[in-house]
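Trainee: This is the structure I have questions about; it appears just below.
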Amino acid sequence: MPGVLFFAFFAVVPMVLAFYLSFTSWDGLGDPQPVGLDNWRKLVNDDRMVQSLWLTVLLTAASWVFQTVIALLLGVWAAGRQRNRAVLSAIFFVPFLLSSTAIALLFYALLDPNFGIIQENILGSSSGAFLAIVFVGGWQFIPFHTLIYQGGARQIPEVLYQAAAIDGAGRYRQFFSITLPQLRHTVTTSTVLLVVGSLTYFETVLILTKGGPGTDTAILPYLMYEAGFKSYDFGYASAIASFLVVAATGLSLILVRLTGFGSMRSTREGM
Amino acid sequence: MSHDTLPRPRPAKTEERPTPPPPRRRRKHWTRRGNPVSGLGSVIWLAIVLVPIYAMLSASLTSQDKALTGNPLNPPTSPTLDNYNTVLNSGFGHLLSNTAIVAVAVVAIVLGLSVPIAYVAVRTRNRWSGLAFRLFLLGVAIPAQAVVVPLYLLIAKLNLYDSLLAVILPTAAFAMPVSVLVLVGTLRDVSEDLYEAMALDGASPQRMLFQLAVPLAKGGISTVVIFAALQAWNGFLFPLIFTQSDGPRVLTLGLFNYVSQFGVNIPALLASVVLSGIPIFAVYLVARRALVGGLMGVGGK
Numbered sequence: 302m303p304g305v306l307f308f309a310f311f312a313v314v315p316m317v318l319a320f321y322l323s324f325t326s327w328d329g330l331g332d333p334q335p336v337g338l339d340n341w342r343k344l345v346n347d348d349r350m351v352q353s354l355w356l357t358v359l360l361t362a363a364s365w366v367f368q369t370v371i372a373l374l375l376g377v378w379a380a381g382r383q384r385n386r387a388v389l390s391a392i393f394f395v396p397f398l399l400s401s402t403a404i405a406l407l408f409y410a411l412l413d414p415n416f417g418i419i420q421e422n423i424l425g426s427s428s429g430a431f432l433a434i435v436f437v438g439g440w441q442f443i444p445f446h447t448l449i450y451q452g453g454a455r456q457i458p459e460v461l462y463q464a465a466a467i468d469g470a471g472r473y474r475q476f477f478s479i480t481l482p483q484l485r486h487t488v489t490t491s492t493v494l495l496v497v498g499s500l501t502y503f504e505t506v507l508i509l510t511k512g513g514p515g516t517d518t519a520i521l522p523y524l525m526y527e528a529g530f531k532s533y534d535f536g537y538a539s540a541i542a543s544f545l546v547v548a549a550t551g552l553s554l555i556l557v558r559l560t561g562f563g564s565m566r567s568t569r570e571g572m
Numbered sequence: 666m667s668h669d670t671l672p673r674p675r676p677a678k679t680e681e682r683p684t685p686p687p688p689r690r691r692r693k694h695w696t697r698r699g700n701p702v703s704g705l706g707s708v709i710w711l712a713i714v715l716v717p718i719y720a721m722l723s724a725s726l727t728s729q730d731k732a733l734t735g736n737p738l739n740p741p742t743s744p745t746l747d748n749y750n751t752v753l754n755s756g757f758g759h760l761l762s763n764t765a766i767v768a769v770a771v772v773a774i775v776l777g778l779s780v781p782i783a784y785v786a787v788r789t790r791n792r793w794s795g796l797a798f799r800l801f802l803l804g805v806a807i808p809a810q811a812v813v814v815p816l817y818l819l820i821a822k823l824n825l826y827d828s829l830l831a832v833i834l835p836t837a838a839f840a841m842p843v844s845v846l847v848l849v850g851t852l853r854d855v856s857e858d859l860y861e862a863m864a865l866d867g868a869s870p871q872r873m874l875f876q877l878a879v880p881l882a883k884g885g886i887s888t889v890v891i892f893a894a895l896q897a898w899n900g901f902l903f904p905l906i907f908t909q910s911d912g913p914r915v916l917t918l919g920l921f922n923y924v925s926q927f928g929v930n931i932p933a934l935l936a937s938v939v940l941s942g943i944p945i946f947a948v949y950l951v952a953r954r955a956l957v958g959g960l961m962g963v964g965g966k
């Protein structure tokens, strides 16, 4: 199976290699030199790292709230089959087609204090820059998550709504008692993709704020990029990267475990 | 847009049969799911989606000095294509052809490798195929950012640094997990009986793959093609880190460089963003159904 080997070579081997490199010192030229735990010690004692980790968690959490709420509502709404919904869903999807680079540039221009819609230096303030990144990320990825929820909502058996209507449950009651529990598994899928995907905000950060003002939007992937490809400290960059892998996969696994089980049972109960 | 642009719902399942709903009931059901509040919400979101796009188009048609004085939300008073000319004359064609090469190569690699893998994962039930499949499941969760440093080492050791191959190979590898998942999903739907019938006729596994599985998995394959092309077209990280010179520069990186090149010429910058999106948008108009349908399945079950 050459395909498996190809994938392993470019995705799995590098992951293992990242762990190895995190125990070395390498400036990008020549060969990496083993330095033991130096990079990890530096990682634990680095104030920027602590700030960056906090920012990453905060960004992921804020993005989750922003995107999940809107995507869930839009997705359930779009699962209806009227024609205007089909047309609107088609328009909603457009931002997802543009590259992160293009979108970041678009908002870089629109938020420019001299040119933009809002004549205020949003990207110059810490909270403004942070919120801008959350918004731009949502603008780009909500279409995708909406689609996932739309697919999930369409698979909810109609009998459930019919039965609820007979029992006299209103619209909101139906949403909270049927739609939400039935979509639990979909929420998990979307959340895992969102958590892993929030690391791709790197492009947005690089173009929109360059981690600034100061270091106030320097999330972990950006910190790693700076350490590696700006300061040529690839050993330290690998330590940050390894930490990222562990955190991302760990979080995904926990999410699946926590919510996957329950959702399967509730689906059965509903039948 | 006609009603068949969205994937149709699956045919009604058997549990709906016992009480065949009269048409009136059906309508009532739809109105129950939609309501004025969510209708309003979707219109608000429509504005959030469209206003930046409109501002971009309008600004890209405005001359630079006017753009700085006017509000970008006003329609351009004297539209001009100068910005587009500026962009097209600054090597945009070269960026475009590089990106096209990357996209085609990535699609070819992804298809060539994922189709057999998905076929094997569906058709054989031994420990190795199961293990390989799980490897790809895990692969969905590997962030490209996390492996970019060691990949840089690999690319350098392979003497591929600053070439299009340095972009193509990792991009293809990272497009594979999702492709395999989508293809496994569609190939599972191919009935076992059909394989058995072909086997009885003495068909080899290769023949079954190309004459039965591939034609029947057309939907999944087109999803994968579009998805891989989209990833290759929009990829930024790998080009940023694995290329350096003008030769192998792709579109996204070119856009990134325009920021410094055009400086404060924001209309030209936005014109380049518009131009970069046109090819993808054209593909979307043609292949919307396959793309949307395939992605919608991701969270379905």
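Chains as they are written, first to last, in our numbering: chain A, 302 to 572; chain B, 666 to 966. C-beta: ideal position from N, C-alpha, C; glycine also.
1) Name, in chain order, the residues that DSSP records as bridge partners for residue 326 of chain A.
2) I'd like the ranges of any alpha helix (DSSP H) spanning at least 4 consecutive residues and lying wholly in the region 826–867 of chain B.
3) Looking at the unbroken alpha helix (DSSP H) that takes in residue 368 of chain A, where does it start and where does it end?
4) Kindly indicate which three-state DSSP category residue 402 of chain A falls into: helix, strand or coil?
5) Quick one: is residue 863 of chain B near chain A, going by C-beta distance under 9 angstroms?
6) For a contact defined as C-beta to C-beta under 8 angstroms, what are the partners of residue 527 of chain A on chain B?
7) The alpha helix (DSSP H) spanning residue 529 of chain A covers which residue range?
8) Could you tell me whether any Cβ in chain A is nearer than 9 angstroms to the Cβ of residue 810 of chain B?
9) In chain order, what residues of the same chain lie with their CB nearer than 7 angstroms to the CB of residue 687 of chain B, ignoring the 5 residues before and after it?
10) Quick one: list the residues of chain B neighbouring residue 396 of chain A, beta-carbon separation under 7 angstroms, in chain order.
11) In terms of alpha-carbon separation, which member of A:440, A:321, A:343 lies closest to residue 392 of chain A?
12) Taking buried to mean at least 16 other C-beta atoms within 10 Å of its own C-beta, is residue 902 of chain B buried or exposed?
13) Please decide whether residue 341 of chain A counts as near chain B, where near means a Cβ-Cβ distance under 9 angstroms.
14) Going by beta-carbon coordinates alone, are residue 844 of chain B and residue 779 of chain B separated by less than 9 angstroms?
15) Using a cut-off of 7 angstroms between C-beta atoms, extract the partners of residue 949 of chain B located in chain A.
16) Three-state secondary structure (DSSP) at residue 415 of chain A?
17) Consider the Cβ of residue 745 of chain B: report whether some Cβ of chain A lies at a distance smaller than 9 angstroms.
18) Looking at chain B, which residues of the region 404–432 of chain A have a Cβ within less than 8 angstroms of any of its Cβ atoms?
19) Please state the DSSP three-state secondary structure of residue 747 of chain B.
20) Are residue 410 of chain A and residue 935 of chain B close, meaning C-beta to C-beta below 9 angstroms?
21) Over what stretch of residues does the alpha helix (DSSP H) that includes residue 896 of chain B continue unbroken?
22) For a contact meaning CB atoms closer than 8 angstroms, what does residue 574 of chain A contact in chain B?
23) Among B:878, B:706, B:829, whose alpha-carbon lies nearest the alpha-carbon of residue 386 of chain A?
24) Closer than 9 angstroms by beta-carbon distance: list the chain A residues that pair up with residue 885 of chain B, in chain order.
25) Within a Cβ cutoff of 6 angstroms, which residues of the same chain sit near residue 315 of chain A, ignoring the five residues on either side of it in sequence?
26) Report yes or no: is there a C-beta of chain A within less than 9 angstroms of the C-beta of residue 925 of chain B?
27) Which residues in the same chain have their Cβ closer than 7 angstroms to the Cβ of residue 435 of chain A, if we skip the five residues on either side of it in sequence?
28) Please check the pair residue 508 of chain A and residue 406 of chain A, which I expect to be a contact at CB under 8 angstroms, by giving their CB distance rounded to whole angstroms.
29) Listed from N- to C-terminal order along the chain, which residues in the region 348–376 of chain A have their beta-carbon within a distance smaller than 8 angstroms of any beta-carbon of chain B?
30) Using a Cβ cut-off of 8 angstroms, pull out every chain B residue sitting near residue 303 of chain A, in sequence order please.
31) Ends of the alpha helix (DSSP H) at residue 801 of chain B?
32) What residues from chain B crowd round residue 467 of chain A, counting only those whose CB sits closer than 8 angstroms?
33) Residue 315 of chain A touches chain B at which residues, Cβ-Cβ below 7 angstroms?
34) Tell me which residues share the same chain as residue 692 of chain B and place their Cβ nearer than 7 angstroms to its Cβ, disregarding the 5 neighbours each side in the sequence.
35) Can you list, in chain order, the residues of its chain whose CB lies under 8 angstroms from that of residue 437 of chain A, leaving out five sequence neighbours each side?
Mentor: This is what the structure holds:
1) A:334
2) The qualifying runs are 829–853, 857–865.
3) Residues 348–379.
4) helix
5) No, residue 863 of chain B does not count as interfacial toward chain A.
6) Going along chain B, no residue has its Cβ under 8 angstroms from residue 527 of chain A, so there is no contact; the nearest lies around 12 angstroms.
7) That residue, residue 529 of chain A, is in no alpha helix (DSSP H); it is neither H nor E in DSSP.
8) The beta carbon of residue 810 of chain B sits closer than 9 angstroms to some beta carbon of chain A.
9) Confidence in residue 687 of chain B is poor, its pLDDT being 44 and thus under 50, which makes the residue's placement unreliable; the coordinate value appears in the next sentence. Annotation for residue 687 of chain B: no residue places its beta carbon closer than 7 angstroms to its own, counting only its chain and skipping 5 residues before and after.
10) 714
11) A:440
12) buried
13) no
14) Yes; because the gap between Cβ atoms is below 9 angstroms, this pair is in contact.
15) 398
16) For residue 415 of chain A, the three-state secondary structure derived from DSSP is coil.
17) no
18) 406, 407, 408, 409, 410, 411, 413, 415, 416, 417, 418
19) helix
20) A contact, by the Cβ cut-off of 9 angstroms.
21) 883–899
22) Residue 574 of chain A lies beyond the stretch modelled for chain A, which goes from 302 to 572, so this question has no answer here.
23) B:706
24) Those within 9 angstroms of residue 885 of chain B in chain A number zero; the least Cβ separation is about 15 angstroms.
25) none
26) no
27) 360, 363, 364, 367
28) 6 angstroms
29) Sequence-ordered contacts of the region 348–376 of chain A with chain B read 371, 374, 375 [C-beta pairs closer than 8 angstroms].
30) Proximity of chain B to residue 303 of chain A at the Cβ level (cut-off 8 angstroms) is accounted for by 778, in chain order.
31) 792–804
32) Correct list: empty, because the minimum Cβ distance to chain B is about 10 angstroms.
33) Per Cβ cutoff of 7 angstroms: 812, 815, 816, 819.
34) Because residue 692 of chain B sits at a pLDDT of 42, beneath the cut-off of 50, its placement in the model cannot be relied upon, and the point is left open.
35) 404, 405, 408, 505, 509
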